[in-house]
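Peer 1: Starting off with a structure, shown below.
Residue numbers (the numbering used here): 3 to 399.
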């Protein structure tokens with residue numbers, strides 16, 4: 003059977019695409035940056051704001067609706083990613099979750115943090131801060147793409163306190179054997195902090211089965227939710243303990259704080275015993291109503307098609323088509339989700355991405371510093387769109 007004969011490639015997605023207005027005029031291959039927003043997501047956000055406009059944002063009815071929307075988002079996230087609501091801290095983006103996790107610990111100059119030379123700035127820049135503040139050692143790993151587990155094993159030392167890295171790398175699309183790596187880290191009592199920006203919504207994820215200490219996710223990429231939403235999974239074994247210390251605290255962090263104890267620092271205030279202790283207030287409930295709708299949208303479409311297998315199969319088809327062009331070097335290997343990266347032997351990636359957009363209304367992106375082009379292949383994309391992208395790449399000179 004050829005790849006094109008794969009049933010997952012030939013499924014009619016017009017019903018799905020009709021609910022995503024951006025797809026009408028754009029060939030959208032950039033969900034790894036920000037996904038196109040489905041109409042039901044916009045409608046949910048608007049309905050929430052309309053309710054606040056109508057009843058007043060601080061009225062009893064509005065506050066009750068806000069609490070309900072936040073609780074629904076937490077429940078839907080936990081169901082979608084196979085964990086419990088108490089393990090979910092709602093955030094605004096992947097970066098916030100990473101910073102919450104990294105700043106939950108006391109650091110000393112003897113401590114070592116492992117990351118990789120392929121990780122995103124959202125991982126690397128917070129590590130600069132820890133190095134400057136506490137003089138911790140940062141160890142950058144060169145990953146063997148054929149055996150990433152051994153790369154981690156070889157670089158663990160007696161001082162390694164945390165390993166922080168992407169589940170799927172943002173630049174070359176490598177999907178790590180995460181369960182095996184986390185198991186190795188746990189055997190060595192090393193804290194795992196996972197950047198899930200390019201995995202959540204692009205592949206099947208069972209968080210309780212993977213068993214990381216922390217797993218940070220954005221709402222606006224592969225999940226097709228609104229910008230300003232996300233979550234941090236906190237392992238149940240860490241809940242109610244110190245460390246981890248909440249680095250930012252507010253009203254939402256407290257389990258109880260009555261008037262008698264509010265200004266008495268001898269008072270033993272009670273922090274929440276779930277992941278909500280890392281939340282601090284000021285949450286935009288309307289955006290989380292949109293994220294709930296985005297998860298519903300994915301669940302509805304999963305009833306029609308195995309969306310994760312389709313993403314993988316479509317990506318494989320794109321990779322095979324890219325290999326037909328002798329001037330293109332495919333960067334992404336066999337272990338991937340929906341990101342596919344490549345280089346042209348004669349043309350800079352920035353020029354390719356710019357021309358694809360200006361001349362063909364094809365939205366991809368360049369990967370700075372690596373000179374890669376990157377396409378995000380989502381379940382709503384079609385074989386026809388991939389063939390059109392290949393046709394346009396073949397015409398470049």
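Where is the CB? At the ideal position from N, CA and C, for every residue including glycine.
Go through the segment 275-329 residue by residue and report every complete run of the alpha helix (DSSP H) that reaches 4 residues or more, in order.
Peer 2: 287-304, 309-324
Peer 1: Cβ atoms of residue 184 and residue 208: under 9 Å apart, would you say?
Peer 2: no
Peer 1: Out of 11, 142, 109, 152, point me to the one whose CA is closest to residue 134's CA.
Peer 2: Of 11, 142, 109, 152, the residue nearest in Cα terms is 109.
Peer 1: Specify whether the segment 26-35 and the segment 382-399 touch according to this definition: at least 3 beta carbon pairs, one from each stretch, less than 8 Å apart.
Peer 2: yes
Peer 1: When you compare each of 199, 281, 345 to residue 72 by their alpha carbons, which one comes out closest?
Peer 2: 281
Peer 1: Using only alpha-carbon positions, find the residue among 17, 275, 240, 163 that is nearest to residue 255.
Peer 2: 275
Peer 1: Relative to the C-alpha of residue 117, which residue among 96, 162, 93 is closest?
Peer 2: 162
Peer 1: Using CA coordinates, which residue listed in 16, 378, 156 is at the minimum distance from residue 200?
Peer 2: 378
Peer 1: How is residue 220 classed by DSSP in three states: helix, strand or coil?
Peer 2: strand
Peer 1: Taking the alpha helix (DSSP H) that residue 103 belongs to, which residues open and close that run?
Peer 2: For residue 103, the enclosing alpha helix (DSSP H) covers residues 96-104.
Peer 1: What does the alpha-carbon distance come out to for the pair residue 9 and residue 179?
Peer 2: 26 Å
Peer 1: From the DSSP secondary-structure annotation, give me the bridge partner or partners of residue 346.
Peer 2: 330.
Peer 1: Helix, strand or coil: how does DSSP classify residue 152 here?
Peer 2: helix
Peer 1: Got a sec: is the Cβ-Cβ distance from residue 18 to anything in chain C below 9 Å?
Peer 2: The displayed structure is made up of one protein chain only, and chain C is not part of it.
Peer 1: Return the residue from the list 96, 354, 70 that minimises the CA-CA distance to residue 363.
Peer 2: 354
Peer 1: Mapping the DSSP letters down to three states, classify residue 253 as helix, strand or coil.
Peer 2: helix
Peer 1: Apart from the five residues on each side of it in sequence, which residues of its chain come closer than 8 Å, Cβ to Cβ, to residue 35?
Peer 2: 223, 367, 378
Peer 1: Would you kindly check if the distance between the Cβ of residue 291 and the Cβ of residue 103 is under 9 Å?
Peer 2: no
Peer 1: Starting from the C-beta of residue 21, find all residues in its chain whose C-beta is less than 6 Å away, skip the five residues before and the five after it, and write them out in chain order.
Peer 2: 40, 41
Peer 1: Between residue 333 and the rest of its own chain, which residues show a CB-CB distance below 7 Å, the 5 nearest in sequence each way excluded?
Peer 2: 174, 343, 344, 345, 374
Peer 1: What residue range is occupied by the uninterrupted alpha helix (DSSP H) comprising residue 67?
Peer 2: 62-82
Peer 1: Determine the DSSP secondary structure at residue 145, reduced to helix, strand or coil.
Peer 2: If DSSP states are grouped into helix, strand and coil, residue 145 belongs with coil.
Peer 1: Spatial neighbours of residue 396 within its chain, please: C-beta separation below 8 Å, excluding the five flanking residues on both sides.
Peer 2: Leaving aside the five residues that flank residue 396 on each side, the residues in its chain whose CB is nearer than 8 Å to its CB run, in chain order, 327.
Peer 1: Could you pull out every residue in the same chain whose Cβ sits closer than 6 Å to the Cβ of residue 204, ignoring the five residues on either side in sequence?
Peer 2: 224, 313, 339, 340
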